[in-house]
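Counting along the sequence shown from 1, when you hit position 20 you're at 20 in the UniProt record's numbering, and nothing is skipped either side. Heads up, the beta-carbon is just placed ideally off N, CA and C, and yes, glycines get one too. Worksheet: one structure, shown below.
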Amino acid sequence: MTLQWQKMGRRWRRGQRAGEGQGPGPKQTQRPSGSGRTVRSNLVPPGRASPGAPSVADNRLRTAKYTALSFLPKNLFEQFHRLANVYFVAIALLNLVPALNAFQPELGLGPLLLILAATAAKDLWQDLGRRCSDRRLNHRLCLVFCRDDKRYVTRYWKDVRVGDFVLLRGDEIVPADVLFLASSDPAGMCHVETANLDGETNLKERQVVRGFLEPGSEFNPLNFTSIIECEKPNNDISRFCGSLILENGKKVGLDKENLLLRGCTVRNTEEVEGIVIYAGHETKTLLNNQGPRYKRSRLERRMNTDVLWCILILVFLCGFSAVGHGLWAWRYGERQRPPFDVPAPDGQVLSPGRAAIYLFWTMMILLQVLIPISLYVSIEIVKICQVFFIHQDKELYDEETDSRLQCRTLNITEDLGQIQYIFSDKTGTLTENKMVFRRCTISGIEYSHDASARRLAMYQEVDPEEEETAATGGALSWRGNIGGHGGAQTIPGLQPSQSPRRPGGRTEAQGDRILSKNAAFSSPTEKDISPDPVLLEKVNECARVLQTMRYEGQPGIQLSPDLADVLDFFIALTICNTVVVTSPREPTKPVNVLFGDYLCFITSSVKWGLIVSPTWDNLITLYPPGEARYEAESPDEAALVQAARAYGCELAGRGPGRVSVTLPLLGRLSFRLFHTLAFDAVRKRMSVVVRHPLTGEINVYTKGADSVMLGLLRACPAGSAEQQRKIESQTQKSLSRYAADGLRTLCIAKRVLGQEEYACWRKSHLEAESTVENHDELLFQSALRLETDLHLLGVTAIEDRLQDGVPETIATLCRAGLHIWVLTGDKQETALNVAYACKLLDRDEDVIALNADSQAARGGIPEPRTPRAPAGAELDSSTRSSEPDPSVPAQIGLTGRGARPGLVIDGRTLAYVLDQHLEDKFLSVAGRCRAVICCRAAPLQKSHVVKLVRSRLGAMTLAVGDGANDVSMIQVADVGVGIAGQEGVQAVMASDFAVPRFRHLERLLLVHGHWCYSRLANMVLYFFYKNAMFVSLLFWYQFYCGFSGSSMIDPWYLIFFNLLFSSVPQLVTGMLDRDLPAEVLLALPQLYQRGRKMEEFQPQMFWITMVDAFYQSLVCFFIPYFAYADSTVDVFSWGTPVTTIALFTVISHLGIETKTWTWLHVVSCGCSILLFFLVALVYNAFCSTCFPPSNPYWTLQNLLGDPVFYLTCVLAPVVALLPRYVSRSLSRRKTEILCRRVNFFERLTPEVDIYLTFSDVSLT
């Protein structure tokens, strides 16, 4: 194999391409960087290979981070990225200096080594799991062609190299990115399943490189001498460009249809052969597998600030002690040294200034525990347990889809309780993304499909409990639509590499299994379409006319204009898509028959399908009978194909350069497919170029959004201008009605190309396909040249039903004080109707519609005030002036008479206002609105809006979506939530949390978010309190020992007080404490505002905690001090009661802060106290000379016989905790009053939003 790298000067377009505004946003994919790759066969003899080729990645997967040699240094290097660990290492090293040490060096190193060892053990366990996974994948087997054996031999995946030829069989997984060269299928096709990549379970067609093999010839890897030029490895799985240089020098363009990606599964194909062009970590799959990005929670950021304050407090205490020690030593002078001042070994005595400097560092070592060494480890443990409890919540499990909530990030669980803004996609997130064909308009005539609507209503009224009837073929349940009924629960939870359950409610899911046989986007309700009688009669009339013309031998099609439009309309619905037709059984080889026998099969076309051969001779390809099944990449395509099928226009098959359609009375017709111009977010349309089998004309069929399609229509001829304008006017009215009903609309159009016109366009298009440099740009411009002068055929209306529980969930979240923004690509009227249906907006309230027609008109956004419509005023929000006034950038429509308006803005206006001079003004207006709906928003615009709110307002944001177009928005938000829906798992893989349905957000935020935030906030404050209280005891003692850095607490107690004696109870409370039960939090969503406003972790809470800690330390120090003031006990005999009192106080303090007691709380507190006494008794009994000259022998045993010890252990904690107990009692009383008052207002005026805090509640 020879690999060459060459400069290609690739330039990539950024931002807006065709006038549709897109704001800046995060980078979505790793684009090739200006150099490409040339790949040759590895079977080329070594002498013929080009020398000096740079090395490339092999196919070995390496996700393990460590080796046996690199584990210790690399892991320590990673741990020392945490500044707290660096701090404690520095303190431990200072303690090794004899002039500075405060206690034994081994005691200072013990806690640090324990923390580092625990973290290293966790990292090693995780890395061992990754290593085992790597080994399993690397040792999978595949067939690779061997030059010496001249056949395919078995090799491990890890041994595959770029330039190798691989042979894949049915149901095998592709080991690397392979260029598809040969197939056992005579048509050169292959079906692949990409569930491991994007979660989409529908089959996708791939085809061999066009023109590489002659029909009927066999592929021999030894004869492969072509050269492959392709782009540099990148992570964009939706595109691929390159060229294959044949032996004769001809270039053949390559695209994604010729590439088999690593991780795909070969389906319905016996054998596939290809050459590896990307391997290992250069494959698109692994370049996408970068894991969830690290996010820091708001509480952690606030906590880091408090840690800095603790460091400043520590420096102040050490500096104060150093000054005090210097003054103490200076008071004696050089000749009157105090008897306790021991000189250095050389006999020299330190000067007061030098002694003060040494004392500063000694106090840093002594008071080091003010910075909690175990805080970060404890937080990680608590978060892991919180995630475990969230996973175990049965309310977050969806039985119909057999999926539960997934937590993909452990760092931000507490952020769930502080969300202020929710940004939601519409399609697939609020709705089911299961499309049902409802209406259509052809040639300006609307066909309402009333019978189909009545059938859907019948589905809605079926009792969900009648599952047995559905299972036996009876009526299936149908829950609702966006017109206000509750939607069905149909968002599936897909897992990579697993066979997903079909979407839908339980009853509908049973029908899916029976009727659709797990076909992608093919539920019974989608297929059960009742044709409109008038339209069906026109279709049958077309078929009768064409049948008569065929038997009479008349050429072409002689239909009236309206019937011709009807025929072309359904042909466009049938072939203008990427739907794959499959059979429940594996395909067999086709049977070839002569064209003369064609008429024999016309009558049996229902049983046997007829396809005209690619060579346009008298060869017909005959396929065995079998129930056809549609595999669609989007539910829209599936709904349209099923609608055409209901009228007898059935998609019968698809092959390379061929699409087969069955028409009523005509049998199967084969359309020669020349080109497919795929849909993209900029053009917002797709097209196919085909040769019509009946007329021989080259037709372009296009479907797309009405916002772009209506501007591409051809000018009306002089003779039919009036009629054409009338048709367009009626079509526009139908579009408005469909949007008002919340239906998704698509325009269908057609263009007839002349032979010369097509030949000219085809030449430039093929050049664009075979060009690697500016590949996308050239294809884009080529599509623009083709998709002009279109003839409008009609429009379709598809219903996308709301998910179950969406209106109730949104209403509850709004009552919790959350701001909900909907960011959608749908048109304005559709988005507004959905907003009304899901209770995001009320029909009696004002709606501000911002629709700017030009950038020059962008400067006049209304001032941030609450607008009110005059009595009886109602302006159509969709109307726009032809020449907008620059002073008024947007046509502002006000409807309704609500107090808080809603804001609706389209994508073009959004691009204008997302300007650095208008962003603040836009946010001011949006902040006064109840809800904001952004229509026609591109993916980058969605991410920019989220980033704008997060950065400018400093608000906590949550983004929820289900598709690839939501990934950027999910990654930019503070919390990203993915829904595993019809569009795959791209959103799930990029998210922090994945939920089965939108309604689960309610419990995730209001219950678990509230609990996680409350627990961690109180635990962090308790950590600061406990350490400050214990350190203050040592500081007060310095006033009685000349600020010498001495300690009255035994070094063993000093080290293990936080690490061992008092660590477990706070962990149990952090994991299990609940201030309010779930039922109360759900019934009173206003309680969520406590987390939104960070009421439990305000900056002042830290200082209140510090003051309380200092007060308690004073009590715990001076009560035993005065109790033993006249006694003869030694310093440790007095310090042990102080330690015991401190332990009782901190545990009792935790008990006061605990809201919900369980047996684990009691056991942990009791065991901590018993552990202290057990360790102290054993230590005092066996360690008589551990730290000479001090002697801890029998200290605690003597104290247990002293009544003063018991008195101080009871009196001191009571006095220390009395203010805290009174404060907490009043606070809980306020909480009870708050709950009762909110409940009262809810029952009194349920439609009014209530925003109450503790300060709003009067104790009187």
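Status (buried if at least 16 other CB within 10 Å, exposed otherwise) for residue i
i, result
"cysteine 132", "exposed"
"leucine 312", "exposed"
"serine 41", "buried"
"histidine 675", "buried"
"valine 1210", "exposed"
"phenylalanine 1061", "buried"
"cysteine 1167", "exposed"
"glycine 976", "buried"
"serine 217", "exposed"
"isoleucine 412", "buried"
"tyrosine 1206", "exposed"
Inter-residue spacing [alpha-carbon to alpha-carbon] between residue i and residue j
i, j, result
"tyrosine 647", "lysine 394", "45 angstroms"
"glutamate 300", "tyrosine 1088", "20 angstroms"
"leucine 665", "phenylalanine 570", "15 angstroms"
"valine 847", "arginine 900", "9 angstroms"
"threonine 582", "phenylalanine 671", "18 angstroms"
"alanine 938", "glutamate 722", "36 angstroms"
"methionine 303", "threonine 578", "53 angstroms"
"leucine 494", "glutamine 986", "Reliability of the predicted coordinates at leucine 494 is poor, the pLDDT of 28 falling under 50, and the value obtained from them is presented with this limitation in mind. So the alpha carbons of these two residues sit roughly 11 angstroms apart."
"leucine 778", "leucine 784", "10 angstroms"
"phenylalanine 1097", "alanine 118", "29 angstroms"
"proline 807", "arginine 801", "12 angstroms"
"cysteine 142", "glycine 655", "28 angstroms"
"proline 1137", "glycine 326", "30 angstroms"
"leucine 786", "glutamate 172", "39 angstroms"
Start-to-end residues for the alpha helix (DSSP H) that takes in residue i
i, result
"cysteine 1041", "No alpha helix (DSSP H) contains cysteine 1041, which DSSP labels as neither H nor E."
"cysteine 814", "806-815"
"glutamate 537", "533-552"
"glutamate 218", "It is not in any alpha helix (DSSP H) - glutamate 218 carries neither H nor E in the DSSP assignment."
"lysine 942", "939-953"
"serine 782", "775-786"
"threonine 1140", "1131-1153"
"leucine 72", "71-79"
"glycine 902", "Here glycine 902 belongs to no alpha helix (DSSP H); instead the beta strand (DSSP E) covers 902-905."
Where residue i sits in the DSSP three-state scheme
i, result
"tyrosine 1193", "coil"
"threonine 362", "helix"
"cysteine 146", "strand"
"histidine 321", "Note that residue 321 is serine in the sequence shown here, rather than histidine. Note: serine 321 maps to helix in three-state DSSP."
"glutamate 1095", "coil"
"glycine 978", "strand"
"glutamine 392", "coil"
"glutamine 207", "strand"
"lysine 434", "strand"
"valine 985", "coil"
"leucine 1174", "helix"
"isoleucine 571", "helix"
Selection from the options that minimises the alpha carbon distance to residue i
i, options, result
"glycine 657", "Glu205, Lys122, Val166 and Val89", "Glu205"
"valine 580", "Ala652, Ala639, Val539 and Leu213", "Ala652"
"valine 539", "Ser707, Leu563 and Ile1152", "Leu563"
Where the beta strand (DSSP E) through residue i begins and ends
i, result
"glycine 667", "667-677"
"serine 745", "It should be pointed out that residue 745 corresponds to threonine in this sequence rather than to serine. It spans 744-753 - the beta strand (DSSP E) in which threonine 745 sits, taken as one unbroken run."
"tryptophan 821", "819-823"
"leucine 559", "That residue, leucine 559, is in no beta strand (DSSP E); it is neither H nor E in DSSP."
Closer than 9 angstroms to chain C by CB, residue i
i, result
"aspartate 846", "Of the chains in the structure shown, none is chain C; there is only one protein chain."
Check: residue i C-beta below 8 angstroms from any heavy atom of the ligand ZN
i, result
"glutamate 769", "This structure does not include the ligand ZN; it has no bound ligands of any sort."
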